[in-house]
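In what follows, a structure is listed as structure tokens, so that the remarks can point back to it.
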Amino acid sequence: MHATNGSSVPRRQLGRLLTKLREDAQVTIESAADELDCSRQKIWRIERGLTAARGPDVRVLCELYRANQEQAAVLLGLTELSKAEGWWHAYGRSIPIWFSLYIGLENVARQVRYYNAELVPGILQTPGYATALFLHNRPELSEEERKKIVSLRIQRQGLLARRLPPAPDLTVVLSEAVLRRPVPGRPVMAEQLRHLLAVGERSNITVRVLPLAAGPPLAAEAGTFVLLDFPTNAVGNPSEPPTVYVEGLTGALYLDQPEEIIAYERVWSGLESLALDERQSMELIDAILGECYE
Numbered sequence: 400m401h402a403t404n405g406s407s408v409p410r411r412q413l414g415r416l417l418t419k420l421r422e423d424a425q426v427t428i429e430s431a432a433d434e435l436d437c438s439r440q441k442i443w444r445i446e447r448g449l450t451a452a453r454g455p456d457v458r459v460l461c462e463l464y465r466a467n468q469e470q471a472a473v474l475l476g477l478t479e480l481s482k483a484e485g486w487w488h489a490y491g492r493s494i495p496i497w498f499s500l501y502i503g504l505e506n507v508a509r510q511v512r513y514y515n516a517e518l519v520p521g522i523l524q525t526p527g528y529a530t531a532l533f534l535h536n537r538p539e540l541s542e543e544e545r546k547k548i549v550s551l552r553i554q555r556q557g558l559l560a561r562r563l564p565p566a567p568d569l570t571v572v573l574s575e576a577v578l579r580r581p582v583p584g585r586p587v588m589a590e591q592l593r594h595l596l597a598v599g600e601r602s603n604i605t606v607r608v609l610p611l612a613a614g615p616p617l618a619a620e621a622g623t624f625v626l627l628d629f630p631t632n633a634v635g636n637p638s639e640p641p642t643v644y645v646e647g648l649t650g651a652l653y654l655d656q657p658e659e660i661i662a663y664e665r666v667w668s669g670l671e672s673l674a675l676d677e678r679q680s681m682e683l684i685d686a687i688l689g690e691c692y693e
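In the numbering used here, the protein residues as written are 400 to 693.
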């Protein structure tokens, strides 16, 4: 694994292996926390891949869980890999820890599927649209901080055009309301819609619109979410389990249990059955552009 992949994937792999070893050894999270003289929350966060583990802590856990020499070597190797920083770490505190994990996962995904009923997702926003959002929703930010966050948002979009590793396939389903809800400034929204029309022509990007006439979808209960699927490894298994990302105002959920994935796949299937196809979606975006913003 290269450093450009960031620390998210090895952290999650380390967490899953530590969890399995702990459960096989019939050690409780409380006992592990006592051994490390730390909180139960810290063990939980390590096992979920939400925080990095220290080498000395992993060595202690290997002894507690009775890991053999080969298992310990793998775990310590993953601990070192998890220290590798992706390009986004240069933005420091501008990126919440819970979102840094998402960027790392997005960076190695094979397929990314978005549903958004409120806004154009950051991965497809223009600089003008992103700036207008922050001016409206985060007026307390300094101009320097705002520019830094917008820069991060635009830099993220580079993964859609990269050659190696291959760029992920991106499918975005947007509510028609997103297109008709004007971000401050008609020129800003016009530029954003023209951008959606342009990226919709790229082979790895699909933009589909959920028309207002379709009525409320099952996704109305689920809210905005992202489905991430990952490449297969040398033996044909996904390098990471499919993951659902659900973002809130002060944190995010990372869902990867089979029953959770099944539930969101059902929601996604419902969206696909109601959304306009690619051609119809492009025609509607173009029509709204001419009708509302030009």
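We put the CB at the ideal spot given by N, CA and C, even for glycine.
Residue(s) in a DSSP beta bridge with residue i
i	result
Thr-570	Arg-512 and Thr-605
Tyr-464	None, per the DSSP bridge assignment.
Ala-651	Glu-646
Euclidean distance between Cα positions of residue i and residue j
i	j	result
Pro-641	Pro-455	30 Å
Arg-512	Gly-521	13 Å
Val-408	Glu-693	44 Å
Ser-680	Glu-590	17 Å
Gly-414	Arg-447	6 Å
Cys-691	Arg-678	20 Å
Ala-451	Ala-651	17 Å
Ser-499	Glu-462	31 Å
Cys-437	His-594	49 Å
Gln-440	Glu-659	22 Å
Thr-525	Leu-596	12 Å
Asn-404	Leu-480	With a pLDDT of only 40 at Asn-404, under the threshold of 50, the placement of this residue in the model should not be trusted; the figure read from the coordinates follows. If you take the alpha carbons of Asn-404 and Leu-480, they lie about 10 Å apart.
Pro-538	Pro-495	18 Å
Thr-649	Pro-616	26 Å
Val-572	Trp-443	33 Å
Glu-422	Asp-433	16 Å
Ala-662	Gly-647	19 Å
Cut-off 8 Å between Cβ atoms - residues of its own chain near residue i, not counting five sequence neighbours on either side
i	result
Val-577	Asn-515, Ala-516, Glu-517, Leu-518 and Val-519
Leu-417	Ile-445, Glu-446, Ala-452, Val-457, Leu-460, Tyr-464 and Leu-474
Met-400	Only weak support exists for where Met-400 lies, its pLDDT of 28 falling under 50; the value from the coordinates is given anyway. Answer for Met-400: Val-408, Pro-409, Leu-480 and Ala-483, listed in chain order.
Val-426	Leu-463 and Tyr-464
Arg-545	Thr-530, Phe-533, Leu-534 and Arg-537
Residues near residue i in its chain [Cβ-Cβ closer than 6 Å; skip 5 each side]
i	result
Glu-543	none
Leu-420	Tyr-464 and Ala-466
Val-708	Nothing about residue 708 can be read from this structure; the chain reaches only from 400 to 693.
7 Å CB neighbourhood of residue i in its chain, flanking five on each side removed
i	result
Ile-548	Ser-493 and Phe-533
Ala-560	Ala-566
Ile-687	Leu-578, Arg-579 and Leu-592
Residue i Cβ short of 7 Å to the ligand PLP heavy atom set
i	result
Glu-590	Inclusion of the ligand PLP in the displayed structure is not the case, the ligand content being empty and no account of it being possible.
Length at least 4, wholly inside the segment 588-645: the alpha helix (DSSP H) runs in chain order: 618-621
State whether the segment 606-619 contacts the segment 669-683, with contact taken as three or more CB pairs (one from each stretch) at a distance under 8 Å. yes
Inter-stretch contact at 8 Å, needing at least 3 Cβ pairs: the segment 495-512 / the segment 624-644: yes
Determine contact between the segment 634-651 and the segment 495-506, defined as no fewer than three beta-carbon pairs at a distance below 8 Å. yes
At 4 residues or longer, and completely inside the segment 534-566: list those alpha helix (DSSP H) runs for me, N to C. 542-555
Alpha helix (DSSP H) runs contained entirely in the segment 415-461, provided each spans 4 or more residues: 428-435 and 439-446
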